[in-house]
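Report on the following structure.
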Amino acid sequence: MEKQNLILAFESSCDETSVAVIRDGHEILSNVIATQINSHKRFGGVVPEVASRHHIEQVTICIEDAMTEAAVTYDDLDAVAVTYGPGLVGALLVGVNAAKTVAYAHHLPLIPVNHMAGHIYAARFVKPFEFPLMALLVSGGHTELVYMQADGQFEIIGETRDDAAGEAYDKIGRVLGVPYPAGKVIDEMAHKGNDTFKFPRAMIDEDNYDFSFSGLKSAFINTVHHADQIGETLDKNDLAASFQASVVDVLTSKTLRVLKQYPVKQLILAGGVAANHGLRERLQEVLPKEFPNTDLVLAPLKLCGDNGAMIGAAGYVQYQHQQFGDATLNADPSLEFDWMPNMPH
Amino acid sequence: MKLLAIDTSNRPLSVAVLEDAKILATTTTNVGRNHSSTLLPIIEQSLAQAGFKPDDLDRIVVAAGPGSYTGLRIGVTTAKTLAFTLHKELVGLSSLEALAGNVLMEGQLVSPLFDARRDNVFTGLYRIENQRPVQVIADQHISIAEWTDQLAAYPEPVTFIGADVATYEAPLKEQLGDRFVRAQPQLDLPQASVLGLLGQTAQPVEHLHAFVPDYLRLTQAERDWQAKHPKEDHAPYVEKI
Ligand SMILES: Nc1ncnc2c1ncn2[C@@H]1O[C@H](COP(=O)(O)OP(=O)(O)OP(=O)(O)O)[C@@H](O)[C@H]1O
Ligand SMILES: [Mg+2]
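The listed protein sequences correspond, in order, to chains Z and B. For the first sequence, counting from 1, position 56 maps to 56 in the UniProt record's numbering; every step adds exactly one. For the second sequence, counting from 1, position 140 maps to 140 in the UniProt record's numbering; every step adds exactly one.
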């Protein structure tokens with residue numbers, strides 16, 4: 001039997017502290033997630049300094065629980081992977097320094113992982129990737145169409161020009177009085193309402209692969225404020241359904257447009273907003289009709305939000321290519337390209 | 001006892017390796033580069049120079065605050081994780097106490113000081129007894145005016161130490177007159193070797209997971225929230241999912 005590969009993976013880019021143990025890049029032995037949502041709810045959004053303070057409270061607990069749940073020892077491990085960007089710098093620093101220290105203490109190689117690559121590799125827990133593939137990456141900070149020719153090679157084909165989809169959900173959530181982060185609740189409300197408001201579908205007919213959600217957000221807010229002024233009460237579920245219909249229409253039509261230009265074997269849906277039921281259902285409905293030869297791979301619901309498991313899956317690919325960092329590794333809050341540094345192109 | 005001491009509470013970074021009272025290796029920089037990329041390489045180097053492997057250590061001592069929030073988290077995350085992952089003792093000491101330890105005049109009152117901006121400082125009052133600083137007034141975040149008021153109760157000279165003393169030299173002199181004594185500026189850099197010596201006899205942390213920096217201040221967002229919600233508590237703030 002071939003020796004198994006075990007990676008201890010750290011994630012702390014925003015408001016979740018997570019440590020996971022991953023076998024051979026696609027099997028979760030443990031995935032401990034400590035979420036700070038209840039804290040940031042007080043402020044209506046993530047407060048970076050508060051997030052950093054929570055991470056340092058949690059990090060060793062998460063390591064201990066992840067190792068115990070996986071029933072492994074440090075001697076069993078092959079490497080330590082960690083998110084080093086993009087994200088909140090103070091939050092990233094806790095994970096980066098903890099991961100570097102564990103790697104140093106136990107003489108293990110260190111793998112610096114891009115958080116967004118991690119989101120895509122959450123889908124690797126469903127099935128092996130087949131290239132070329134396209135990923136629709138929708139999260140709190142990003143909305144992108146990413147083309148992958150091979151493992152570790154990422155090309156951004158289209159992206160949002162203003163707000164990310166998740167960010168738009170959270171902002172209109174505030175207007176509806178839904179506590180942070182609003183995405184999940186608005187998704188539920190949307191299922192109880194109807195698209196009666198017909199909000200704009202920004203850039204939907206434009207011949208490019210970019211997105212824009214700030215116009216939708218403004219239209220939404222104006223509608224609510226106008227109703228407030230004239231003392232009219234709007235149905236919140238219909239508002240949510242109308243907002244979601246616009247987001248799903250735009251994401252889906254742009255994705256279908258890109259697939260015409262880039263024939264791929266798989267379409268991956270990943271990132272926090274990939275948990276959206278409306279979006280998952282729509283893609284499941286239209287993709288087999290329009291592109292019967294493209295396999296839809298939805299990141300598992302539990303792995304759409306930030307977690308260590310996805311970092312371990314991405315880290316495993318880098319491990320195979322011996323893409324290691326060293327003790328000088330720093331957090332890079334605005335990390336963008338070269339997601340897996342020095343991968344063969 | 002083989003001991004590693006770490007201080008990244010402000011712009012200077014200091015690391016030392018000790019064996020009992022013997023200082024084997026010590027590195028202090030004041031170049032303001034990112035502690036996150038420099039700390040671990042310096043720890044590696046210092047332990048290698050001392051001829052130790054990480055697992056040879058018995059104890060890790062860290063300057064736990066007050067200081068720069070980010071700096072503190074880099075030092076404390078590293079120290080806490082190292083102690084946790086190798087099952088070593090962890091000691092957290094006041095960053096101010098460690099700096100006061102640079103003044104070795106028996107019986108002297110010492111006020112180590114870090115700037116906290118807008119006429120506020122992090123400081124405390126220590127007296128050097130038997131060659132080590134003993135706390136007289138607890139570390140705190142305080143305006144410079146209130147601090148000089150508090151010091152009025154001690155009609156004797158007070159030695160001020162720290163690179164930020166220069167910022168407040170005028171108001172301190174004005175309020176304290178002759179009682180204001182400036183430590184020699186070459187002592188202003190915190191020395192992890194001093195921290196290590198002080199940490200040798202200190203009580204190790206009992207609940208390692210709960211160990212966090214002594215920020216001495218709530219975040220602005222939490223202060224505002226508490227002011228608006230005096231009786232409310234949302235805890236637990238962090239939940240396992
Ligand atoms: N069911 C859902 N429908 C729509 N949005 C959702 C749903 N569940 C979560 N979200 C949104 O997902 C976002 C969180 O996703 P994620 O954790 O990936 O973002 P992030 O880590 O903050 O940003 P990034 O990954 O871009 O750095 C939030 O904006 C949240 O509202
Ligand atoms: Mg994310």
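Ideal Cβ placement from N, Cα and C applies to all residues, glycine included. Here the structure is a predicted model, which means the values were calculated and not measured.
{"Query": "Within-8 Å CB hit, Tyr104(Z) to chain D", "Result": "Judged by its chain identifiers, the structure shown contains no chain D, and its protein chains are Z and B."}
{"Query": "Unbroken beta strand (DSSP E) run spanning His226(Z), endpoints", "Result": "Unbroken run through His226(Z) is the alpha helix (DSSP H), 214-229; no beta strand (DSSP E)."}
{"Query": "Tyr126(B), DSSP secondary structure in three states", "Result": "strand"}
{"Query": "Gln273(Z) CB to nearest heavy atom of ligand 1 below 7 Å", "Result": "The sequence shown places Val at residue 273(Z), not Gln. Result yes, Cβ under 7 Å from ligand 1."}
{"Query": "Cβ neighbours of Leu298(Z) in the same chain (closer than 6 Å, five flanking residues each side left out)", "Result": "Leu269, Arg280"}
{"Query": "Gln58(Z) versus Val89(Z), Glu290(Z), Gly25(Z), Ser12(Z), residue with shortest Cα-Cα distance", "Result": "Ser12(Z)"}
{"Query": "Where the alpha helix (DSSP H) through Tyr319(Z) begins and ends", "Result": "308-320"}
{"Query": "Rounded separation between Thr8(B) and Glu146(B) - CA only", "Result": "27 Å"}
{"Query": "Coil, strand or helix - His345(Z) by DSSP", "Result": "In this prediction, His345(Z) has a pLDDT of 46, which is less than 50 and means its spatial position is unreliable; nothing more can be read from the coordinates."}
{"Query": "Chain B within 8 Å of His115(Z), Cβ atoms only", "Result": "no"}
{"Query": "Ile241(B) in three-state terms, based on DSSP", "Result": "coil"}
{"Query": "Phe220(Z), buried or exposed, once every other Cβ within 10 Å from all chains shown has been counted against 16", "Result": "buried"}
{"Query": "Boundaries (first-last residue) of the beta strand (DSSP E) holding Phe180(B)", "Result": "180-182"}
{"Query": "Cβ-based neighbour list, Tyr169(Z), same chain, cut-off 6 Å, excluding 5 preceding and 5 following", "Result": "Ala182, Gly183, Ile186"}
{"Query": "Span of the alpha helix (DSSP H), counted from its first residue to its last, around Ala202(B)", "Result": "Per DSSP, Ala202(B) belongs to no alpha helix (DSSP H) and is neither H nor E."}
{"Query": "Closer than 5 Å to ligand 2: residues, by C-beta to nearest heavy atom, in chain order", "Result": "Ser139(Z), Asp306(Z)"}
{"Query": "Beta carbon proximity, Asn34(B) to chain Z, threshold 8 Å", "Result": "yes"}
{"Query": "His40(Z): CB within 7 Å of a non-hydrogen atom of ligand 1", "Result": "no"}
{"Query": "Identity of the residues DSSP links to Ser111(B) by a beta bridge", "Result": "Phe160(B)"}
{"Query": "Alpha carbon of Lys127(Z) to alpha carbon of Glu222(B), nearest angstrom", "Result": "44 Å"}
{"Query": "Three CB pairs or more closer than 8 Å across the stretch 316-331 of chain Z and the stretch 46-56 of chain Z", "Result": "no"}
{"Query": "Buried/exposed call for His345(Z), threshold 16 Cβ in 10 Å", "Result": "The predicted model places His345(Z) with a pLDDT of 46, which falls under 50 and marks its position as unreliable, so this point remains unresolved."}
{"Query": "Nonlocal neighbours in the same chain, by C-beta distance under 6 Å from Thr143(Z), ignoring five residues either side", "Result": "Thr160, Ala164, Ala165, Phe211"}
{"Query": "Cβ-heavy atom distance, Pro333(Z) to ligand 1, below 7 Å", "Result": "no"}
{"Query": "Partner residues on chain B for His54(Z), Cβ-Cβ distance less than 8 Å", "Result": "Tyr237, Val238"}
{"Query": "DSSP three-state assignment for Leu8(Z), whether helix, strand or coil", "Result": "strand"}
{"Query": "Where Ser37(B) meets chain Z, residues with beta-carbon distance less than 9 Å", "Result": "Ala327, Thr328, Leu329, Asn330"}
{"Query": "heavy atom of ligand 1 below 7 Å from Ala182(Z) C-beta", "Result": "yes"}
{"Query": "heavy atom of ligand 1 below 7 Å from Gly44(Z) C-beta", "Result": "no"}
{"Query": "DSSP state of Arg23(Z) mapped onto helix, strand, coil", "Result": "strand"}
{"Query": "Closest Cα partner of Gln131(B) within the set Phe114(B), Glu97(B), Tyr215(B)", "Result": "Glu97(B)"}
{"Query": "Residue from Thr26(B), Asp20(B), Val205(B) with nearest C-alpha to Pro190(B)", "Result": "Thr26(B)"}
{"Query": "Sub-8 Å separation of Thr219(B) and Val46(Z) beta-carbons", "Result": "no"}
{"Query": "Ile142(B) burial status per 10 Å Cβ neighbour count (16 or more: buried)", "Result": "buried"}
{"Query": "Test: Lys100(Z) CB closer than 8 Å to a CB of chain B", "Result": "yes"}
{"Query": "Check: Asp224(B) C-beta below 7 Å from any heavy atom of ligand 1", "Result": "no"}
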